[in-house]
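Participant: So the protein sequences, as listed, match chains B and E. In terms of my numbering, the first sequence is residues 1 to 297. In terms of my numbering, the second sequence is residues 298 to 655. Where is the CB? At the ideal position from N, CA and C, for every residue including glycine. Next up is a structure, given as structure tokens.
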Amino acid sequence: MSAYVLQQLINGLVLGSMYALVAVGFSMIYSIVRLINFAHGDVAMIGAFSTFLVFAAAGLPLWVIVPATLAVGAAVAAIIEFLVFRPQRQAPQVNGFITSLGVSILIQNVGILLLSAQPRSVRLPGLLRTNHDFFGARVTTLDILIVAATLISLLVLTLFVKRTRLGIAMRATSENVSAAQLMGIPVNRVITAAFAVGGALAGLAGLMWGGRYGQIDPLMGFVPGLKAFVAAVIGGVGSLAGAALGGYLLGMAEIMIVGMLPSEYGSYRDAFVFGLLILVLLVMPNGLLGKPAEERA
Amino acid sequence: MTGGTGMMDRLRHNPAALGIGLLLIGAALIAGAEAWLTPFERTVIGFAGINIILAVSLSFSNGLTGLFSLGHPAFMMLGGYTAAILTFPAMRKSTMLPGLPEFIATSELSLLPATLAGGVVAAVAALIAGFPVLRLRGHYLAVATLGLIVIVQVLINNMDSITRGAIGLAGLPRLSNLWWIYGWVAVTLFVTWQLKHASLGRALMSIRENELASASIGVRRARLKLFAFVLGAFFAGVAGALWAHLVTNLTPNSFGIVTAFMIVVMVVLGGSGSLIGAALAAIALSVISEAARPIERAIDAYGLVQIVTATLLIAVLLFRPQGLFGSGEPVTRRMTTPGKPPSKTSHEHRGGFPNETS
């Protein structure tokens with residue numbers, strides 16, 4: 001395998017890791033409250049800004065920055081849930097979806113107002129930008145950390161959902177909200193927890209995104225958020241493993257389109273992503289790993 | 298509007314007279330606006346009209362049928378580009394847009410045929426895209442139609458030889474005026490109003506209320522959904538064409554996700570499925586956003602319009618989730634008020650033209 005192909009595979013893996021992190025949170029929230037949360041990508045943006053504008057600027061070391069960013073993401077998502085989604089629990093699904101679009105536009109524009117729409121370049125400590133040679137391909141320490149941190153997060157998340165009381169409560173709630181409530185599960189608290197966990201992962205993804213691409217701006221979260229949704233749908237909405245798989249597939253496919261096809265097709269990347277989405281939805285409406293949804297009158 | 302004053306009742310019995318009367322009033326208002334208002338004010342009123350077309354047509358397909366499509370900007374773009382290419386001065390076409398087929402490159406159409414062509418192209422695109430996409434529902438449909446916007450943007454960006462790619466088309470003839478725009482507003486309202494109050498509209502609403510139940514009583518849901526989607530796309534294409542000839546330039550980023558959002562807000566504010574509600578919300582939002590623009594510039598606070606709009610949207614969804622007028626029309630409230638038997642059957646209201654047209 002040529003070094004070029006290997007390089008593309010690595011880039012795809014890194015991009016896919018970030019999509020996977022956002023997609024898993026997306027999917028978690030969806031499986032419990034049946035809400036497609038457009039504002040999820042903007043939580044990642046807030047995570048990136050707090051990382052670079054606050055924590056890194058204050059000179060904190062990385063082992064403080066990462067948990068702090070996770071906390072910010074969790075807090076922001078939980079607050080959004082409490083303020084706008086909780087009062088609408090009984091409303092039709094589409095209302096929640098439109099609301100989340102509103103929240104997303106609101107966050108972005110408040111961001112533009114307070115921080116300006118100009119992208120800022122951000123830098124990570126030199127240590128993270130060190131290049132390593134990997135069979136001829138170039139890999140930075142950050143790339144390795146992104147892939148490793150994603151895998152660890154996904155592993156911890158799986159254990160959390162399968163083994164802990166709260167995780168089991170989450171799965172019960174996603175199975176059937178009213179039955180869970182009757183069993184004495186504090187449904188509201190479980191939902192807030194799901195938002196918080198998803199938000200923490202999104203915040204982490206924001207940190208990675210900013211570090212990897214070297215710049216942050218208030219609109220940076222929207223398109224990756226949308227694509228993470230596409231990833232979640234491809235994998236099967238509601239399935240965490242599916243979301244992670246979809247994230248990696250999408251990241252890999254995107255990089256391959258740009259890297260492997262003649263360059264005049266490179267600019268069709270986003271059209272390809274959404275074309276793929278429509279195709280997957282038509283051929284496998286439940287995604288790769290999703291469960292079939294039953295239809296009730 | 299519920300008061301049974303003699304004048305109003307007599308007009309209700311004679312929808313044709315009501316329609317003609319409203320058209321005359323509208324025409325008088327437009328003539329007045331063209332004569333006395335400043336160009337800036339006329340432009341604002343023009344934007345309001347275009348937004349009415351967009352919001353009413355989206356309210357028809359989304360609010361009435363329960364489709365949740367965000368695809369309007371994609372159809373606006375198709376309609377806008379089609380019309381702009383058709384009206385573009387033939388002299389400049391050959392150098393600027395070398396990829397055009399001979400018969401388009403040498404012709405130069407006036408606004409009406411170009412607008413119609415724009416609408417038709419958008420409708421055909423909706424027909425093609427609708428077949429697969431409308432099998433999806435709810436969230437999935439929303440995101441797939443969002444995908445349509447991205448796909449159309451990317452295609453226009455890359456077809457340099459007929460669209461000039463990212464540079465866009467500048468210096469279009471300024472053919473849109475209030476007569477054309479509000480003429481189309483009248484057509485949009487008339488068509489959607491007639492359809493809503495015909496059996497077709499009832500069938501569409503039954504799909505929204507309960508798709509399975511409506512299918513089981515014999516409503517051909519696939520066909521009807523496609524029809525509503527295509528009709529909405531046609532008017533979106535027309536609106537895009539009018540927009541292009543009002544603003545006089547068009548780029549692949551002229552309409553995007555934010556446009557979709559603004560139109561959805563108008564529909565939600567007005568009440569899903571309420572045509573008049575959508576029109577009123579479109580007027581209100583257009584005025585708010587144009588009024589806020591000088592403020593934005595003065596205090597250097599770009600994004601203020603979106604912040605206000607988004608806050609308004611969230612507040613309405615939290616406190617009045619059915620929108621201002623629900624699914625009814627303010628002028629025919631009596632038909633839908635529970636407890637009070639309707640004094641007239643709905644077919645007598647057909648052709649009743651809303652008084653807010655102008």
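If you run the structure through DSSP and keep just helix, strand and coil, what is H132 of chain B?
Facilitator: Mapped onto the first sequence, residue 132 of chain B falls at position 132. Of the three classes helix, strand and coil, the one that applies to H132 of chain B here is strand, per DSSP.
Participant: Considering only residues of the same chain and omitting the five flanking positions on each side of Q619 of chain E, which have a CB-CB separation below 8 Å?
Facilitator: As a working note, residue 619 of chain E is residue 322 in the second sequence. G568 and S569.
Participant: Please classify M260 of chain B: is it buried, with 16 or more other beta-carbons within 10 angstroms of its beta-carbon, or exposed?
Facilitator: Position 260 of the first sequence, counting from 1, holds the residue named residue 260 of chain B. That one is exposed.
Participant: Using DSSP's beta-bridge definition, name the partner residues of Q8 of chain B.
Facilitator: Translated into the one-based positions of the first sequence, residue 8 of chain B becomes position 8. Answer is none; Q8 of chain B lacks a bridge partner.
Participant: Would N188 of chain B pass as an interface residue toward chain E - the criterion being a Cβ-Cβ separation below 9 Å?
Facilitator: Taking the first residue of the first sequence as position 1, residue 188 of chain B is located at position 188. False, the Cβ-Cβ gap to chain E never drops below 9 Å.
Participant: Quick one: grab the DSSP three-state call for I65 of chain B.
Facilitator: Taking the first sequence and counting its residues from 1, one reaches residue 65 of chain B at position 65. Looking at I65 of chain B - three-state DSSP - the assignment turns out to be helix.
Participant: Rounded to the nearest angstrom, what separates N11 of chain B and A23 of chain B at their Cα positions?
Facilitator: Within the first sequence, residue 11 of chain B is the residue found at index 11, counting from 1. Within the first sequence, residue 23 of chain B is the residue found at index 23, counting from 1. Each residue's Cα considered, the two are about 18 Å apart.
Participant: Please name the residue, chosen from B:T192, B:Q93 and B:G211, that lies closest to M18 of chain B on a Cα-to-Cα basis.
Facilitator: Translated into the one-based positions of the first sequence, residue 18 of chain B becomes position 18. Minimum Cα distance to M18 of chain B is reached at B:G211.
Participant: Going along chain B in order, which residues have a C-beta closer than 7 Å to the C-beta of R432 of chain E?
Facilitator: Within the second sequence, the letter at position 135 stands for residue 432 of chain E. Per Cβ cutoff of 7 Å: L282.
Participant: Taking the straight line between their C-alpha atoms, what separation do you get for T633 of chain E and E626 of chain E?
Facilitator: As a working mapping, residue 633 of chain E is identified with position 336 in the second sequence. As a working mapping, residue 626 of chain E is identified with position 329 in the second sequence. In this predicted model, T633 of chain E has a pLDDT of only 44, less than 50, meaning its place in the structure is not dependable; the value taken from the coordinates is given anyway. T633 of chain E and E626 of chain E: Cα-Cα distance of roughly 9 Å.
Participant: Mind pulling the chain B residues with CB within less than 7 Å of T545 of chain E?
Facilitator: The sequence position of residue 545 of chain E within the second sequence is 248, counting from 1. Near T545 of chain E there are no residues of chain B at all, since even the closest Cβ is about 25 Å away, more than 7 Å.
Participant: Cβ of I448 of chain E less than 9 Å from any chain B Cβ?
Facilitator: Indexing the second sequence from 1 puts residue 448 of chain E at position 151. Judged by the 9 Å Cβ criterion, I448 of chain E is in contact with chain B.
Participant: Going by Cα to Cα distance, which pick from E:G465, E:V555 and E:G329 is closest to F385 of chain E?
Facilitator: The sequence position of residue 385 of chain E within the second sequence is 88, counting from 1. Among E:G465, E:V555 and E:G329, the Cα nearest to that of F385 of chain E is on E:G465.
Participant: In or out: E254 of chain B buried (at least 16 other Cβ within 10 Å) or exposed?
Facilitator: Taking the first residue of the first sequence as 1, we reach residue 254 of chain B at position 254. By the neighbour-count rule (16 or more Cβ atoms within 10 Å), E254 of chain B is buried.
Participant: Can you list, in chain order, the residues of its chain whose CB lies under 7 Å from that of E175 of chain B, leaving out five sequence neighbours each side?
Facilitator: For this step, residue 175 of chain B is matched to residue 175 along the first sequence. Counting only Cβ-Cβ distances below 7 Å, and skipping sequence neighbours, we find nothing.
Participant: Residues of chain E with CB closer than 7 Å to the CB of G102 of chain B, please, in chain order.
Facilitator: Translated into positions along the first sequence, residue 102 of chain B becomes position 102. In chain order: A607, L610 and I611.
Participant: Determine whether the Cβ of L443 of chain E lies closer than 9 Å to any Cβ atom of chain B.
Facilitator: Position 146 of the second sequence holds residue 443 of chain E. Chain B contact via Cβ: present.
Participant: When the Cα of K315 of chain E is compared with those of E:A345, E:R590 and E:F487, which residue comes out closest?
Facilitator: Residue numbering aside, residue 315 of chain E sits at position 18 when the second sequence is read from its first letter. Just to set this straight, residue 315 of chain E is Leu in the shown sequence, not Lys. Answer by Cα proximity: E:F487.
Participant: Listing by chain order, which chain E residues have their CB less than 7 Å from the CB of I216 of chain B?
Facilitator: By one-based count along the first sequence, residue 216 of chain B stands at place 216. By Cβ distance, chain E contributes nothing, its closest Cβ being about 17 Å from I216 of chain B, past 7 Å.
Participant: Nearest CA to the CA of A578 of chain E: which residue from E:A330, E:P549, E:A345 and E:A533?
Facilitator: Within the second sequence, the letter at position 281 stands for residue 578 of chain E. Cα-wise, what sits closest to A578 of chain E is E:A345.
Participant: Whole angstroms are fine: how far does the CA of F622 of chain E sit from the CA of L115 of chain B?
Facilitator: Within the first sequence, residue 115 of chain B is the residue found at index 115, counting from 1. Within the second sequence, residue 622 of chain E is the residue found at index 325, counting from 1. The alpha-carbon atoms of L115 of chain B and F622 of chain E are separated by roughly 38 Å.
Participant: Mind checking which residues open and close the alpha helix (DSSP H) that includes A371 of chain E?
Facilitator: Counting from 1 along the second sequence, the entry for residue 371 of chain E is found at position 74. Its alpha helix (DSSP H) spans residues H369 to T384.
Participant: Going along the chain, which residues of its own chain have a beta-carbon closer than 7 Å to the beta-carbon of V421 of chain E, five neighbours each way excluded?
Facilitator: The residue you call residue 421 of chain E lines up with position 124 of the second sequence. Taken in chain order, the list of residues that qualify is empty.
Participant: In this structure, what does DSSP give as the bridge partners for T251 of chain E?
Facilitator: For residue 251 of chain E there is no data in the structure shown, the boundaries of chain E being 298 and 655.
Participant: How big is the Cα-Cα spacing for I585 of chain E and V14 of chain B?
Facilitator: Mapped onto the second sequence, residue 585 of chain E falls at position 288. Mapped onto the first sequence, residue 14 of chain B falls at position 14. Straight-line Cα distance between these residues: approximately 44 Å.
Participant: Would you call H132 of chain B buried or exposed, if buried means 16 or more other Cβ atoms sit within 10 Å of its Cβ?
Facilitator: To locate residue 132 of chain B, count along the first sequence from 1; it is residue 132. It counts as exposed.
Participant: Anything in chain B within Cβ reach of G620 of chain E, meaning under 8 Å, just list it in chain order.
Facilitator: The residue you call residue 620 of chain E lines up with position 323 of the second sequence. Those within 8 Å of G620 of chain E in chain B number zero; the least Cβ separation is about 10 Å.
Participant: Is I112 of chain B close to chain E? Criterion is C-beta to C-beta, closer than 9 Å.
Facilitator: As a working note, residue 112 of chain B is residue 112 in the first sequence. Cβ-Cβ to chain E under 9 Å: yes for I112 of chain B.
Participant: So, with DSSP's three-state summary, where would you put T608 of chain E?
Facilitator: Numbered from 1 along the second sequence, position 311 holds the residue referred to as residue 608 of chain E. Here T608 of chain E sits in helix by DSSP.
Participant: If you follow the alpha helix (DSSP H) that R189 of chain B is in, where does it begin and where does it stop?
Facilitator: In the first sequence, counting from the first residue as 1, residue 189 of chain B sits at position 189. Per DSSP, R189 of chain B belongs to the alpha helix (DSSP H) from V187 to Y213.
Participant: Evaluate L279 of chain B with the Cβ neighbour count: other Cβ atoms within 10 Å of its Cβ, from every protein chain shown; 16 or more gives buried, anything less gives exposed.
Facilitator: Indexing the first sequence from 1 puts residue 279 of chain B at position 279. By the 10 Å Cβ count, L279 of chain B comes out exposed.
Participant: Spell out whether any CB of chain E is found under 9 Å from the CB atom of I65 of chain B.
Facilitator: Here the question's residue 65 of chain B lines up with position 65 in the first sequence. False, the Cβ-Cβ gap to chain E never drops below 9 Å.
Participant: According to DSSP, is I322 of chain E helix, strand or coil?
Facilitator: Position 25 of the second sequence, counting from 1, holds the residue named residue 322 of chain E. Helix at I322 of chain E.
Participant: Select from the region 232-252 of chain B all residues with a C-beta closer than 9 Å to any C-beta belonging to chain E, and list them in chain order.
Facilitator: Correct list: V233 and V237.
Participant: Taking the alpha carbon of T192 of chain B as the point to measure from, which residue in B:A148, B:R123, B:I80 and B:V5 has its own alpha carbon closest?
Facilitator: Counting from one through the first sequence, the residue named residue 192 of chain B turns up at place 192. Closest by alpha carbon: B:I80.
Participant: Using a C-beta cutoff of 9 Å, does T633 of chain E count as contacting chain B?
Facilitator: One-based indexing of the second sequence puts residue 633 of chain E at position 336. The predicted position of T633 of chain E is uncertain, since its pLDDT is 44 and thus under 50; a value taken from the coordinates is nonetheless stated next. No, T633 of chain E lies away from the interface with chain B (no Cβ there is under 9 Å from its Cβ).
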